[in-house]
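Asks: Numbering (my numbering), first residue to last: 32 to 146.
Below is the structure I would like to discuss, written out as structure tokens.
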């Protein structure tokens with residue numbers, strides 16, 4: 032059985048940008064028609080705005096979880112399957128929230144592209 036080789040598919044512009052970046056040359060944006068350039072700028076601003084919402088959610092998780100655990104020290108005494116709830120909150124909750132945030136951000140970015 033032969034193992035198939037993985038191939039990265041990129042546009043010629045991407046290859047050019049990577050080559051220029053390695054050589055230390057300033058990279059200019061691709062040349063687009065004025066209407067396309069305006070749409071690209073609008074889409075970039077919209078996706079950036081939507082990404083800030085996901086980053087705010089991540090910051091809320093990183094800052095909020097320790098604050099909640101500090102505010103409720105009694106969670107150490109509550110056990111679920113023999114493990115303190117505070118440990119589960121640290122070990123499981125962040126990853127579940129990250130998955131949801133990633134899905135939400137991807138959905139919103141695709142929604143912006145379709146608009």
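Quick reminder that beta carbons are idealized off the backbone N, C-alpha and C, glycines included.
Here the structure is a predicted model, which is why all the values come from computation and not from measurement.
Bridge partners for residue 111 per DSSP, in chain order?
Replies: 114.
Asks: Check the C-beta distance from residue 133 over to residue 74 and give it rounded, since I have them as a contact under 8 Å.
Replies: With 8 Å as the limit, residue 133 and residue 74 do not qualify as a contact, their Cβ atoms being about 20 Å apart.
Asks: Which stretch, first to last residue, makes up the alpha helix (DSSP H) that contains residue 132?
Replies: Segment 124–145, the alpha helix (DSSP H) holding residue 132.
Asks: Quick one: Cα of residue 62 to Cα of residue 85, how far?
Replies: Spanning the two alpha carbons is a distance of roughly 31 Å.
Asks: If you pair each beta-carbon of the stretch 88–103 with each one of the stretch 116–123, do three or more pairs fall below 8 Å?
Replies: A contact exists between the stretch 88–103 and the stretch 116–123.
Asks: In terms of residue numbering, what span does the alpha helix (DSSP H) encompassing residue 95 cover?
Replies: Where residue 95 is concerned, the enclosing alpha helix (DSSP H) stretches over 65–102.
Asks: Pop quiz: residue 124 and residue 98 are said to be a contact at Cβ under 8 Å. What is the actual Cβ separation, rounded to whole angstroms?
Replies: No, residue 124 and residue 98 are not in contact; Cβ-Cβ is about 14 Å, not under 8 Å.
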